[in-house]
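K.L.:
Residue numbers (the working numbering): 220 to 357.
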């Protein structure tokens, strides 16, 4: 998930540059790309935790990765059945992961729509934006 999130962040960064270099685009498109960037930033904090707060010894909520690792490590060398707290931790991590995936898919869909709009405006190529052209022999 970290790789997918990172890829979407890179595509959003390149999309921002493409908006700046496309004369036909407007400020609304730039605002839409900035909204995508902020939503991805928020999803990154959900996935990996808030590094800036934890660096300053401010308590933070556990990241999704930390929640997912906890039941794994508690059962790594166990020979007994999972405890109730391990099961509850697994359930909470699973529910959080479902929500995270749904939010990530929405952002990905919005990003692809923005890329298509820029493609229609004739924006310069950006990595990850591979549109199959609508071409027909006349």
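For each residue, glycine too, the CB sits at the ideal point set by N, CA and C.
(1) Taking the CB atoms as reference points, tell me whether residue 283 and residue 316 lie closer together than 8 Å.
(2) Specify the secondary structure class of residue 221 as computed by DSSP and reduced to three states.
(3) In whole angstroms, what separates the C-alpha of residue 232 from that of residue 273?
(4) What three-state label does DSSP hand residue 279 in the structure shown?
(5) Within the same chain, show all residues whose beta-carbon is closer than 8 Å to that of residue 312, passing over the 5 residues directly before and after it, in chain order.
(6) Would you identify the three-state DSSP class for residue 226, choosing helix, strand or coil?
(7) Cβ of residue 330 within 8 Å of Cβ of residue 255?
(8) Starting from residue 356, trace the alpha helix (DSSP H) both ways and give me its first and last residue.
(9) Have a look at residue 200 and residue 314 and give me their C-alpha separation to the nearest angstrom.
P.N.:
Reading off the structure:
(1) Yes, the Cβ-Cβ distance between residue 283 and residue 316 is below 8 Å.
(2) Of the three classes helix, strand and coil, the one that applies to residue 221 here is helix, per DSSP.
(3) Roughly 26 Å separates the two Cα atoms.
(4) DSSP places residue 279 in coil when its eight states are reduced to three.
(5) Once the five neighbours on either side are set aside, the close Cβ partners of residue 312 are 283, 286, 287, 289, 290.
(6) DSSP places residue 226 within a helical segment (H, G or I) once states are collapsed to three.
(7) Their beta carbons are under 8 Å apart, which means residue 330 touches residue 255 by this criterion.
(8) Segment: none, residue 356 is in no alpha helix (DSSP H) and carries neither H nor E.
(9) In the structure displayed, the chain extends from 220 to 357; residue 200 sits before or after that span and is not available.
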